[in-house]
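**Q** Chains as they are written, first to last, in this note's numbering: chain W, 36 to 371; chain G, 3 to 301.
Before I ask anything, here is the structure I am working with.
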């Protein structure tokens, strides 16, 4: 009799877990996020906290990047420029009009999303490589413009931006960025788990089959691209009010490449892979900082080797291990 | 607007276009034959410039020999890179080849550029002149003789390369592979060899450009970025993989840039070029001259 009473409790728990899982928060990821949330309480070192903010920032960017690269198979090669656009929008609103950074960085997301929408509408009906190259040109143009409009942006001399808070201590900023990153992840995961995400995956895997089953590829690609750019802008807005100074360099292609490398090392189409990769790669690279060029050479080599030998990235590695464990367990069960 | 100014701008555009044509030719070739979207093309331009510099300063060769030396070395480096990087990738991937190679060359560009930075340090290395003198091209404009010879070298390289593609057995094999890979294989063409050869040749073309322009742009690790952007602009403009069109496109873009640099303020030239490109792609997605490579629109 007692057993019967216990079932609803278990069912409730599994239902809760299933619910969390449906927004991408599996136990492993919840654990990772909880660790991120709790760890800063015990870390006193400002430098380590700074590294954590930077890693989280790049990890979140890698997720937004992976949303297009891993799902509809289009590499937004102007990604850094969209981040920069969000940053400058928010910064200029704060500097010129005195808008609060808390509103400004949402405006940054909207502006970046709008430009993403326009770019997407113009290029996404073409083959993937065209969209990639066009987004790249858009990025180059944005950077050139930002550098050229000295009256507005102060160009290469750098724009001083008010911070979110009156402090430069890193811990509060980590707690501002963490919810943004979690929101980015959950929002993107919810989209990819919905029927829209199914369409994305169909387009990324087999365009002809997707079209045959009534999916309009251009529409879904534009939705995807716009969303990704909007999140890029949001993160850029955070960065502006975190760092306090902006130069057009934020839009440089090399930053796109960094984000790209992270998301590919993390594993395409996993979303969380880029986040984990950021927390592995960025601290290591920070440690190697005195070896400036060697660091970037390693970046390049990493990218090449991942592309040739391990296209699945970290996520593929984890999946492989998971499957191995499952297989082992199954074989022991059947052995008994 | 004076007529003489227009004429001088036109000449400057042609001179600039020769370089772009040479660079874009290599880019188009690699895409047409190997289906590789080459992002590290500028790095071979950089290598060419360095090689010419060292041949000139360290080995004390004369300019012509220095350029030939750069040509040879960039060809060898290109062929080695193909063997070391693209060959293993070709063995492993079948799907998404185009996108994968694009990212692979991004990594390659990072590696080559920072290797140069590591070995040669961020220092400008240039020679003031190859040959002394000015050429009075028009009554109002004199051009340094180096510039004219650089242009002539570019034109010559394009010409010789064209003859090579049309007239020789190997050139025909390259064109066969670009038209139909499977067919080429059936008639006994060694695909691996053609791919290595093609990549070497393409790198060589970029290397010649870098070497010929050494007196005008000094060698430094990040010097490839500008020419890379311009040559990508050209191949997108004329249609990806259209080898003949990219020569024409080089001159068009050279002209476009020269004029927009003269008439527009800094930064706005890029906006102008980009809007032109978007307009063209809107109405003619396969580029100005179209392309034989299938599937520009996703169909």
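Backbone N, C-alpha and C fix where the C-beta goes; we use that ideal spot for every residue, glycine too.
Residue 220 of chain G by DSSP, collapsed to three states: which one?
**A** Translated into the one-based positions of the second chain, residue 220 of chain G becomes position 218. In this structure, residue 220 of chain G counts as coil in the three-state DSSP scheme.
**Q** For residue 44 of chain G, report the span of its alpha helix (DSSP H) as first-last.
**A** Translated into the one-based positions of the second chain, residue 44 of chain G becomes position 42. Its alpha helix (DSSP H) spans residues 43-59.
**Q** Three or more beta-carbon pairs under 8 Å between the stretch 223-239 of chain W and the stretch 78-89 of chain W, yes or no?
**A** Output reads no: the stretch 78-89 of chain W does not touch the stretch 223-239 of chain W.
**Q** Report buried or exposed for residue 32 of chain G, applying the criterion of at least 16 other Cβ atoms within 10 angstroms of its Cβ.
**A** Here residue 32 of chain G refers to the residue found at position 30 when the second chain is read from its first residue. Buried, since its Cβ has 16 or more Cβ neighbours within 10 Å.
**Q** Just reading off the alpha helix (DSSP H) that residue 146 of chain G is part of, what are its end residues?
**A** The residue you call residue 146 of chain G lines up with position 144 of the second chain. It is not in any alpha helix (DSSP H) - residue 146 of chain G instead sits in the beta strand (DSSP E) that spans 143-146.
**Q** Out of W/254, W/167 and W/318, which one is the CA nearest neighbour of residue 104 of chain G?
**A** One-based indexing of the second chain puts residue 104 of chain G at position 102. The shortest Cα separation from residue 104 of chain G among W/254, W/167 and W/318 belongs to W/167.
**Q** Expressed to the nearest angstrom, what Euclidean distance is found between the alpha-carbon atoms of residue 235 of chain G and residue 282 of chain G?
**A** Taking the first residue of the second chain as 1, we reach residue 235 of chain G at position 233. Taking the first residue of the second chain as 1, we reach residue 282 of chain G at position 280. Approximately 12 Å, taken between the alpha carbons.
**Q** What separation, rounded to the nearest whole angstrom, lies between the Cα atoms of residue 93 of chain G and residue 80 of chain W?
**A** Position 91 of the second chain, counted from the start, is the residue given in the question as residue 93 of chain G. Position 45 of the first chain, counted from the start, is the residue given in the question as residue 80 of chain W. Distance between the alpha carbons of residue 93 of chain G and residue 80 of chain W: 48 Å.
**Q** Any C-beta of chain G within less than 7 Å: which residues of the stretch 327-341 of chain W qualify?
**A** Listed by position, the residues of the stretch 327-341 of chain W near chain G (Cβ gap below 7 Å) are 328, 329, 331, 332, 334, 335, 336, 338 and 339.
**Q** I'd like to confirm the pairing. Which residues does DSSP put opposite residue 281 of chain W in its beta bridges?
**A** Within the first chain, residue 281 of chain W is the residue found at index 246, counting from 1. DSSP output for residue 281 of chain W lists W/194 as bridge partner(s).
**Q** Under 7 Å, do residue 271 of chain G and residue 264 of chain G count as touching if we go by C-beta distance?
**A** Along the second chain, one-based indexing puts residue 271 of chain G at 269. Along the second chain, one-based indexing puts residue 264 of chain G at 262. Against a cut-off of 7 Å, the Cβ pair of residue 264 of chain G and residue 271 of chain G comes out as no contact.
**Q** Measuring alpha carbon to alpha carbon, tell me which of G/181, G/190 and G/220 ends up nearest residue 244 of chain G.
**A** Taking the second chain and counting its residues from 1, one reaches residue 244 of chain G at position 242. Comparing Cα positions, the closest option is G/181.
**Q** What's the C-alpha gap between residue 317 of chain W and residue 267 of chain G?
**A** Walking along the first chain from the start, residue 317 of chain W turns up at place 282. Walking along the second chain from the start, residue 267 of chain G turns up at place 265. Answer to the nearest angstrom: the Cα atoms are 39 Å apart.
**Q** With DSSP collapsed to three states, give me the class of residue 358 of chain W.
**A** Residue numbering aside, residue 358 of chain W sits at position 323 when the first chain is read from its first letter. It is helical.
**Q** Any heavy atom of the ligand HEM closer than 6 Å to the CB of residue 225 of chain W?
**A** Looking for the ligand HEM in the displayed structure turns up nothing, as the structure carries no ligands at all.
**Q** Would you say residue 113 of chain W faces chain G, with C-beta separation under 7 Å as the test?
**A** Sequence index remark: in the first chain, residue 113 of chain W carries index 78 (1-based). Not one chain G Cβ lies under 7 Å of residue 113 of chain W.
**Q** Please state whether the Cβ-Cβ distance between residue 272 of chain W and residue 121 of chain W is less than 7 Å.
**A** If you number the first chain from 1, residue 272 of chain W lands on position 237. If you number the first chain from 1, residue 121 of chain W lands on position 86. Result yes, Cβ atoms of residue 272 of chain W and residue 121 of chain W sit closer than 7 Å.
**Q** What residues in its chain sit with their C-beta under 7 Å from that of residue 351 of chain W, if we drop five residues either side in the sequence?
**A** Here residue 351 of chain W refers to the residue found at position 316 of the first chain. Once the five neighbours on either side are set aside, the close Cβ partners of residue 351 of chain W are 302 and 345.
**Q** For residue 174 of chain G, report the span of its alpha helix (DSSP H) as first-last.
**A** Along the second chain, one-based indexing puts residue 174 of chain G at 172. 171-181 is the extent of the alpha helix (DSSP H) around residue 174 of chain G.
**Q** What residues from chain G crowd round residue 172 of chain W, counting only those whose CB sits closer than 7 Å?
**A** Indexing the first chain from 1 puts residue 172 of chain W at position 137. Here the neighbours are 276 and 279.
**Q** Look up residue 250 of chain W in the DSSP assignment and say whether it is helix, strand or coil.
**A** The sequence position of residue 250 of chain W within the first chain is 215, counting from 1. Residue 250 of chain W falls in the coil class under three-state DSSP.
**Q** Would you call the stretch 132-143 of chain W and the stretch 234-243 of chain W in contact, with 3 or more CB pairs under 8 Å?
**A** The stretch 132-143 of chain W, when compared against the stretch 234-243 of chain W, does not touch it at the 8 Å Cβ threshold.
**Q** Tell me whether residue 82 of chain W is buried or exposed, calling it buried when 16 or more other Cβ atoms sit within 10 Å of its Cβ.
**A** Counted from its first residue, the first chain places residue 82 of chain W at position 47. The residue in question, residue 82 of chain W, is exposed, as its Cβ has fewer than 16 Cβ neighbours within 10 Å.
**Q** Can you pull the DSSP bridge partners for residue 137 of chain G?
**A** Taking the first residue of the second chain as 1, we reach residue 137 of chain G at position 135. Per DSSP, G/145.
**Q** I want to know whether the stretch 257-274 of chain W touches the stretch 142-158 of chain W - three or more CB-CB distances under 8 Å.
**A** Output reads yes: the stretch 142-158 of chain W touches the stretch 257-274 of chain W.
**Q** Could you tell me whether the Cβ of residue 319 of chain W comes closer than 7 Å to any Cβ of chain G?
**A** Against the first chain, residue 319 of chain W aligns to sequence position 284. Not closer than 7 Å to any Cβ of chain G, the Cβ of residue 319 of chain W fails to qualify, so no.
**Q** Should residue 91 of chain G be flagged as near chain W, meaning a C-beta pair shorter than 7 Å?
**A** Your numbering for residue 91 of chain G matches position 89 in the second chain. Answer yes: the Cβ-Cβ gap between residue 91 of chain G and chain W drops below 7 Å somewhere.
**Q** Using a Cβ cut-off of 9 Å, pull out every chain G residue sitting near residue 299 of chain W, in sequence order please.
**A** As a working mapping, residue 299 of chain W is identified with position 264 in the first chain. Correct list: 105.
**Q** Against chain W, does residue 179 of chain G count as a neighbour if the rule is that its beta carbon must be under 7 Å from one of theirs?
**A** Taking the first residue of the second chain as position 1, residue 179 of chain G is located at position 177. False, the Cβ-Cβ gap to chain W never drops below 7 Å.
**Q** Judging by CA-CA distance, which residue of W/71, W/224, W/261 and W/249 is the nearest neighbour of residue 211 of chain W?
**A** For this step, residue 211 of chain W is matched to residue 176 along the first chain. Residue W/71 is the option with its Cα nearest to residue 211 of chain W.
**Q** What residues are listed by DSSP as bridge partners for residue 195 of chain G?
**A** On the second chain, residue 195 of chain G is found 193 positions in, with the first residue counted as 1. None; residue 195 of chain G has no bridge partner.
**Q** For residue 68 of chain W and residue 86 of chain G, what's the separation of their Cα atoms in angstroms?
**A** The residue labelled residue 68 of chain W in the question sits at position 33 within the first chain. The residue labelled residue 86 of chain G in the question sits at position 84 within the second chain. The straight-line gap from Cα to Cα measures roughly 40 Å.
**Q** Could you tell me the distance, in whole angstroms, from the CA atom of residue 196 of chain W to the CA atom of residue 182 of chain W?
**A** Taking the first chain and counting its residues from 1, the one referred to as residue 196 of chain W is at position 161. Taking the first chain and counting its residues from 1, the one referred to as residue 182 of chain W is at position 147. Cα to Cα, residue 196 of chain W sits roughly 16 Å from residue 182 of chain W.
**Q** Using a beta-carbon distance below 7 Å, is residue 183 of chain W in contact with chain G?
**A** To locate residue 183 of chain W, count along the first chain from 1; it is residue 148. Closer than 7 Å to some Cβ of chain G, the Cβ of residue 183 of chain W qualifies, so yes.
**Q** Let me check understanding here. Comparing Cα to Cα, which of W/76, W/96, W/169 and W/65 lies closest to residue 109 of chain W?
**A** By one-based count along the first chain, residue 109 of chain W stands at place 74. Nearest C-alpha to residue 109 of chain W: W/169.
**Q** Could you tell me whether the Cβ of residue 297 of chain G comes closer than 7 Å to any Cβ of chain W?
**A** What you label residue 297 of chain G is simply residue 295 of the second chain in a count that begins at 1. Its pLDDT being 42, under 50, residue 297 of chain G is placed unreliably in this model, and the coordinates cannot settle the point.
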